[in-house]
Amino acid sequence: MNKYQFTLEIAVRDYELDAEGIVNNANYLHYMEHTRHAFCRRQGYSFAQMTADGIVPVARRVEIDYLAPLHSGDVMLSCLNVVRKGPRYIFMQDIFNQATGQLAVKAQITIVAIENGKISRGDRLARLLPV
């Protein structure tokens, strides 16, 4: 796990399961968003502060590969790396089953910043949240 900029431990909750007894695919979006928020807080600039400063980060593109299911009682390691490419922040996010080390989900989430109702170049955000 040393190859990641940030790792967060998250436990699977029973209400996140579907009828097959595995984590519903949509919940992985929540896990990854929760991880991005925790990462930003650790960096010293929360999403609440961004919004108060007139910067609204939004998902522009989401690519997810579902590789192995997670079940009730599993604990995951939600890991991320982030790079800036022009106005885009690209989050490479992986979720592992902590007990087995198996990669459950691999994703790439592209985030852009909205300022004054328009996509910005992201320069203000980059000064406040260097990556």
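For this note's numbering, add 38 to where a residue sits in the sequence shown, where the first one is 1. Glycine included, each C-beta is placed from N, C-alpha and C at the ideal position. Everything numeric in this text was worked out from a predicted model, so none of it was measured.
Is it the case that the Cβ atoms of residue i and residue j are separated by a distance below 8 Å?
{"i": "I111", "j": "V50", "result": "Checking the sequence shown, residue 111 turns out to be Gly, not Ile. Closer than 8 Å, so yes."}
{"i": "A145", "j": "M70", "result": "yes"}
{"i": "I149", "j": "A97", "result": "yes"}
{"i": "P125", "j": "I102", "result": "no"}
{"i": "Y127", "j": "V100", "result": "no"}
{"i": "L108", "j": "M114", "result": "yes"}
How many whole angstroms separate the CB atoms of residue i and residue j, which I take to be in contact at a CB cut-off of 8 Å?
{"i": "I93", "j": "R162", "result": "6 Å"}
{"i": "F129", "j": "I147", "result": "4 Å"}
Any idea what DSSP makes of residue i, helix, strand or coil?
{"i": "L204", "result": "Any question about residue 204 goes unanswered here, given that the chain covers just 39 to 169."}
{"i": "R122", "result": "strand"}
Complete runs of the beta strand (DSSP E) confined to the stretch 46 to 114 [at least 3 residues]: 94 to 104
Any 3 or more C-beta pairs closer than 8 Å across the stretch 110 to 130 and the stretch 40 to 56: yes
Cβ contact check for the stretch 63 to 70 and the stretch 129 to 138: 3 or more pairs under 8 Å: yes
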